[in-house]
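> Below are the structure tokens for one structure; questions will follow.
Chains as they are written, first to last, in the working numbering: chain X, 82 to 447; chain P, 218 to 356.
The structure is reproduced here in structure tokens:
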């Protein structure tokens, strides 16, 4: 009988079902081999979908203004700061998979402070430059463009740390909303990085002196050691799904993004390790930017803190001071399913998280 | 006798995928324990230092060989590339300034600017800040 169960719980043996399954698997195996060859010789996956304009460029810093999709947009513009070690196109991978496309469709005026690979003569760029020069300049350009002095400031990962630090300075322009995605603030709760950059063994000065620009392999190596099975398991999953064009397209875009991790300036890296990692200076209130102390207690903008439940890079605890040490009287937190990158890309974010961000931000953007 | 719940037909690829996921979780969990130890910190610190010193020595040797062969070295090509990047940067800045000049000289804008008067949909709840308010949601 078709629905008789085998002793091990597996179903035996509906010939028609098995025949259909065999046909399907043979078909997929053929597609896997044909498409597998295509995959190996394919050029880099195209990324970046929404039309945008360069509004400001200064070495590594580049400000993009995205063209609004609606005739009527929210008053308060939104500036998203990318992490200096990653390309900003993760926010705009492809049609239907783009955070920026979603925001533009909802009627936001979206800007992105993104980073080109720094040149060797930019190895001396430090927190002072990112927080005290590039972000203020981007906001100045946005004000000139829109006539609005208030802004919603957002940041992802280290971009969020830069945005938070800027908001914690006395020279910060008026910030209406602060939206932080997987943003480390309390670096005592970054265990992998704490072990990797253990001050007893990690000679950060040697690295900065000899390399000037810190290549991404330095940090990616630590990630790979912490999660060594991710790459081979990812490849195996890709092979299983090689017949599925949508899966392969998505995989190739993420793979390109991961492979295009940027080097970072040595001076910035030095401050990141010595001040944030070793001294936890942002929480301790000892981080100096442009000669003055960044104070989380100075932040009174509405805050939306977004964390991923299975984030192995930035733990929930590392973001906690955003909810406890800031002066804001309007703070919300979203804990989303998934990992570090799934906050800013991928179908689950589009279906579940981004509508929540819109729901939070819309009434605060008029 | 009541019907047994119908179990899913055996799918070897799904089983293979499941096995890979299990292996991935187990190996990552084991590695997570190792990489949080002080020994790992010492190891990675020393390895990073040794790699940087070795790379520097290798780069110097290679540079010397290339120079003797009258060929450009990596650092020289990087230098040219960076000078090109500086030129590109300046060109981009000039283009931006020219664009600003053009738009201020133009009698009418090419396309109407969107109105900044959008209101949230009626269903969206208005923010209700209260002292010390901190809400948490799952997505």
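Note that beta-carbon positions come from the ideal geometry of N, C-alpha and C, so glycine has one too.
1) Which residues in chain X have a C-beta closer than 7 angstroms to the C-beta of residue 269/P? List them in chain order.
2) Ignoring anything shorter than 3 residues, give me the beta strand (DSSP E) runs that lie fully in the stretch 376-433 of chain X, in order along the chain.
3) Which residue spans inside the stretch 270-297 of chain X form an unbroken beta strand (DSSP E) run of at least 3?
4) Since residue 253/P meets chain X, which of its residues come closer than 8 angstroms, beta carbon to beta carbon?
5) How about residue 314/X: is its C-beta nearer than 7 angstroms to some C-beta of chain P?
6) Does any CB atom of chain P fall closer than 7 angstroms to the CB of residue 448/X?
7) Does the beta-carbon distance from residue 131/X to residue 190/X come in below 7 angstroms?
8) Nearest to residue 148/X by CA position, among 183/X, 165/X, 177/X, 317/X, is which residue?
9) List, in chain order, every chain P residue whose beta-carbon is nearer than 9 angstroms to that of residue 153/X.
10) When the Cα of residue 426/X is compared with those of 340/X, 350/X, 344/X, 334/X, which residue comes out closest?
11) What does a CB cutoff of less than 8 angstroms around residue 398/X pick up in its chain, not counting 5 residues either side in sequence?
12) Given a limit of 8 angstroms on CB to CB distance, which residues of the stretch 300-311 of chain P reach chain X?
13) Would residue 292/P pass as an interface residue toward chain C - the criterion being a Cβ-Cβ separation below 7 angstroms?
14) Are three or more beta carbon pairs between the stretch 316-331 of chain X and the stretch 110-117 of chain X nearer than 8 angstroms?
15) For residue 103/X, decide whether its Cβ has a neighbour in chain P, counting only Cβ atoms nearer than 7 angstroms.
16) Can you name the start and end residues of the alpha helix (DSSP H) that residue 329/X belongs to?
17) Would you report the Cα separation of residue 242/P and residue 249/X, rounded to the nearest angstrom?
18) Rounded C-beta distance between residue 283/P and residue 290/P? I'm assuming under 8 angstroms.
19) To the nearest whole angstrom, what separates the beta carbons of residue 356/P and residue 434/X, a pair I think is in contact under 8 angstroms?
20) Tell me which residue opens and which closes the alpha helix (DSSP H) that residue 248/P is part of.
21) May I have the straight-line CA-CA distance separating residue 293/X from residue 287/X, to the nearest angstrom?
22) Using C-beta distances below 6 angstroms, list every residue in its chain close to residue 235/P, excluding the 5 sequence neighbours before and after it, in chain order.
23) Less than 7 angstroms separating the beta-carbons of residue 412/X and residue 384/X?
24) Tell me which same chain residues have a C-beta within less than 7 angstroms of the C-beta of residue 197/X, skipping the five on either side of it?
On the basis of the coordinates in this document:
1) Chain X residues near residue 269/P: 287, 288, 291, 292.
2) Within the stretch 376-433 of chain X, the complete beta strand (DSSP E) runs of at least 3 residues are 383-389, 411-417.
3) Not a single unbroken stretch of the beta strand (DSSP E) spanning 3 or more residues falls wholly within the stretch 270-297 of chain X.
4) Listed along the chain, the chain X residues whose CB falls inside 8 angstroms of the CB of residue 253/P are 272, 273, 276.
5) Taking Cβ atoms only, chain P reaches closer than 7 angstroms to residue 314/X, which makes this a yes.
6) Given that chain X is displayed from residue 82 to residue 447, the structure contains no residue 448/X and the question cannot be resolved.
7) Here residue 131/X is not near residue 190/X, since their CB atoms are 7 angstroms or more apart.
8) If we check each option's Cα against that of residue 148/X, 183/X comes out closest.
9) Chain P residues near residue 153/X: 331, 332, 333, 334, 335, 336.
10) When only C-alpha atoms are compared, the closest one is 334/X.
11) Once the five neighbours on either side are set aside, the close Cβ partners of residue 398/X are 267, 270.
12) Within the stretch 300-311 of chain P, the residues whose Cβ lies closer than 8 angstroms to some Cβ of chain X are 302, 303, 306, 309, 310, listed in chain order.
13) The structure shown contains no chain C; its protein chains are X and P.
14) Here the stretch 316-331 of chain X makes contact with the stretch 110-117 of chain X; the two share three or more CB pairs at distances below 8 angstroms.
15) Residue 103/X does not count as touching chain P.
16) It spans 326-340 - the alpha helix (DSSP H) in which residue 329/X sits, taken as one unbroken run.
17) Their Cα atoms are separated by approximately 39 angstroms.
18) Rounded to the nearest angstrom, the Cβ distance from residue 283/P to residue 290/P is 5 angstroms, consistent with a contact under 8 angstroms.
19) Correct: roughly 5 angstroms between the Cβ atoms.
20) It spans 229-252 - the alpha helix (DSSP H) in which residue 248/P sits, taken as one unbroken run.
21) Using only the alpha carbons, I get a separation of about 10 angstroms.
22) In its own chain, leaving out the 5 sequence neighbours on each side, no residue places its CB closer than 6 angstroms to the CB of residue 235/P.
23) With a cutoff of 7 angstroms on beta-carbon distance, residue 412/X and residue 384/X are scored as near each other.
24) Once the five neighbours on either side are set aside, the close Cβ partners of residue 197/X are 141, 143.
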